[in-house]
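Step one of this worksheet: look at the structure below.
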Amino acid sequence: MEGNALRCNVAECGEETANGVVVTGCLHAICLQCAGNYGLDGPLPAPCPACQKTLEESEIMVQNLQVSEDWKSIVMCGHDPTTMMEATGRAITFWSYHMSQKMSTLLPSEPVGP
């Protein structure tokens with residue numbers, strides 16, 4: 001995943017999320033360390049450390065980013081194609097948004113050239 005890793009959306013952090021990430025209902029990616037530091041692993045509700053939206057338990061999902069081939073083989077088994085496509089589409093939208101945010105931080109803020 002090197003080069004394509006999500007970055008923690010906590011302003012003071014910005015670290016790449018190599019092994020796991022907490023995804024919030026407000027679509028932020030929070031590294032596991034920040035999730036613990038900001039109480040997302042404790043009693044909820046708790047504020048999102050990126051935008052301060054109040055998060056309920058149903059709005060926090062811990063994602064393991066180091067998945068096995070076996071996991072990939074069975075994760076969607078039993079779901080109908082419509083559900084699988086909806087989930088895949090939403091995941092791709094989330095990923096694309098975060099990659100565009102990452103790229104925007106790499107671009108110069110002022111025009112380059114003469």
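Going by the UniProt record's numbering, the first residue of the sequence shown is number 1, and it counts up by one from there. All C-beta atoms, glycine included, are put in the ideal place defined by N, C-alpha and C. As the structure is a computational prediction, the values presented were derived from the model and not from experiment.
- For Glu-57, the CB contacts under 7 Å within the same chain, skipping 5 residues up- and downstream, are Leu-44 in chain order.
- Straight across, the Cα-Cα distance linking Asn-19 with Cys-31 is about 9 Å.
- When the Cα atoms are used, Phe-94 and Cys-26 turn out to be separated by approximately 11 Å.
- Between Ala-5 and Glu-16, the C-beta gap is smaller than 8 Å, which places the two residues in contact.
- Gly-20 sits in a strand when the DSSP states are folded into three classes.
- By DSSP's assignment, Thr-83 forms no beta bridge with any residue.
- A distance below 8 Å separates the beta carbons of Gly-39 and Ala-46.
- Exclusion of the five residues before and after Gly-42 leaves no residue of its chain whose Cβ lies closer than 8 Å to its Cβ.
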